[in-house]
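In full-length UniProt numbering, the protein residues as written are 1 to 132.
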């Protein structure tokens with residue numbers, strides 16, 4: 001089994017896709033007006049409009065209602081990226097902070113309120129773990 005993607009359901013797909021394109025520098029691949037993917041070498045962030053929910057089961061997902069998942073991106077230099085994101089991100093949860101497990105992390109919210117974590121490994125163990 002391989003993990004392939006995570007999908008966000010949103011009321012405003014153009015706004016959310018545009019936000020993720022700006023913060024990641026990855027151009028979205030649109031399947032149609034209700035579905036887009038931002039593909040990286042190691043995973044895909046899929047974004048679907050609320051019009052796609054009934055295809056699975058009516059009411060099975062609600063937009064802007066996530067309180068448990070953090071969407072994480074490994075970045076080369078979280079501190080430098082923080083400075084660039086100040087003009088894009090409206091809701092920072094923290095400034096870059098070194099976590100006990102060895103990553104320097106920056107948490108913020110996307111326009112739908114989903115938590116996003118940009119992190120850079122900084123300790124030898126973390127660097128080894130994420131060495132690619």
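Every residue gets a Cβ at the ideal spot worked out from N, C-alpha and C, and that includes glycine.
{"Query": "Buried or exposed by the 16-neighbour rule on C-beta atoms within 10 Å, applied to residue 104", "Result": "buried"}
{"Query": "Assigned secondary structure, residue 116 (DSSP; H/G/I helix, E/B strand, else coil)", "Result": "strand"}
{"Query": "Residue 24 - containing alpha helix (DSSP H), residue span", "Result": "13-24"}
{"Query": "C-beta atoms of residue 16 and residue 110 nearer than 8 angstroms", "Result": "yes"}
{"Query": "Meets three-Cβ-pair contact criterion under 8 angstroms: the region 37-57 and the region 78-95", "Result": "no"}
{"Query": "When 13, 14, 42 are compared against residue 2, the one with the closest alpha-carbon", "Result": "42"}
{"Query": "Residues bridged to residue 30 [DSSP beta-bridge criterion]", "Result": "36"}
{"Query": "Span of the alpha helix (DSSP H), counted from its first residue to its last, around residue 130", "Result": "124-130"}
{"Query": "Terminal residues of the alpha helix (DSSP H) in which residue 57 lies", "Result": "Here residue 57 belongs to no alpha helix (DSSP H), and DSSP marks it neither H nor E."}
{"Query": "Classification of residue 36 by the beta-carbon crowding that lies within 10 angstroms, buried from 16 upward", "Result": "buried"}
{"Query": "Contact under 8 angstroms by Cβ, residue 10 with residue 73", "Result": "no"}
{"Query": "Range covered by the alpha helix (DSSP H) that runs through residue 46", "Result": "Run containing residue 46: none in the alpha helix (DSSP H); it sits in the beta strand (DSSP E), 44-49."}
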